[in-house]
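See structure below.
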Amino acid sequence: MPYGLSRRSLLTAGILGSGSLAAGGAVARGTEPAGPEQAGELSFPSPELTPYVDRLPVLATFRGSGTLAMAPSRHRFHRDLGIAPTWSYGGQQYWGPTIEAHRDQPIALAFTNRLGRQLFAADVDPSLEGATEQDRSRPRVSVHLHGAVTPPGMDGHPEQVFLPGGAMTYRHPNRQEAAHLWYHDHAMGITRLNVVRAADWGLTRTRAGRNRLHRDA
Ligand SMILES: [Cu+2]
1 MPYGLSRRSL LTAGILGSGS LAAGGAVARG TEPAGPEQAG ELSFPSPELT
51 PYVDRLPVLA TFRGSGTLAM APSRHRFHRD LGIAPTWSYG GQQYWGPTIE
101 AHRDQPIALA FTNRLGRQLF AADVDPSLEG ATEQDRSRPR VSVHLHGAVT
151 PPGMDGHPEQ VFLPGGAMTY RHPNRQEAAH LWYHDHAMGI TRLNVVRAAD
201 WGLTRTRAGR NRLHRDA
């Protein structure tokens, strides 16, 4: 398929019915309204699941400077679904830890790419700008702190990527007002695949000047 994720990939990963369906929903928008009998491969109908039966996970908090590994993990998105393979930051089951920082106090965050084969390898589309066949087996990553005021070299732009075995240290001056921000992969041509599998964080600052980098749930 030319874009989006195949239904087969999502079923294989066992994440249908999870929050990850937001990606599928976005793909479905703009198409004809589809009832159950009309559901096509781009509409990603959700299986029947009982809502609000799982306790919401509380993510770990990461404070100050340090290293976060980007690595494969596993998570059960609903009690009635199987355990799905995921990617995460910092040893979480999915996404990454809340990262807490303080206004005007610079931090340095090193990210290591320990990812194996792209979990959505079949959905890598080499016809997209920046994407290559190699992305199926050696996924590039770039960590962008969305909304942060950063020096240009620390912005995690789409071509500032590193491969498995590589690492990048991002230095954030945190010279901006309090805000909730999120961090996410930004790799050219495969962001949609990497982000569904892993990543975001955010930055909150109180009026007292406290920054709190946290996951945008
Ligand atoms: Cu962003």
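For the record, in the sequence shown the residue sitting at position 194 is 194 according to this note's numbering, with numbers rising by one throughout.
We put the CB at the ideal spot given by N, CA and C, even for glycine.
Q: Give me every residue whose Cβ sits closer than 6 Å to any heavy atom of ligand 1, in chain order.
A: H144, H146, H184
Q: Evaluate contact between the segment 120-139 and the segment 97-105, counting only Cβ atoms and requiring at least three cross-stretch pairs below 8 Å.
A: no
Q. Under a three-way DSSP split, which group does E159 fall into?
A. Counting from one through the sequence shown, the residue named residue 159 turns up at place 159. In this structure, E159 counts as coil in the three-state DSSP scheme.
Q | 3-residue-minimum beta strand (DSSP E) runs that sit fully inside the segment 130-188, ordered along the chain | A | 143-146, 167-172, 182-185
**Q.** Where L193 sits in the DSSP three-state scheme
**A.** In the sequence shown, residue 193 corresponds to position 193, counting from 1. It is helical.
Q. Taking the C-alpha atoms as reference points, what is the distance between S88 and P158?
A. Stepping through the sequence shown from its first residue, residue 88 is reached at position 88. Stepping through the sequence shown from its first residue, residue 158 is reached at position 158. The alpha-carbon atoms of S88 and P158 are separated by roughly 19 Å.
Q: Go ahead and label L163 buried or exposed: buried means 16 or more other beta carbons lie within 10 angstroms of its beta carbon, across all protein chains shown.
A: Within the sequence shown, numbered from 1, the residue matching residue 163 stands at position 163. L163 should be labelled exposed.
(Q) Helix, strand or coil, according to DSSP, for A121 in the structure here? (A) Taking the sequence shown and counting its residues from 1, one reaches residue 121 at position 121. Three-state DSSP puts A121 in a helix.
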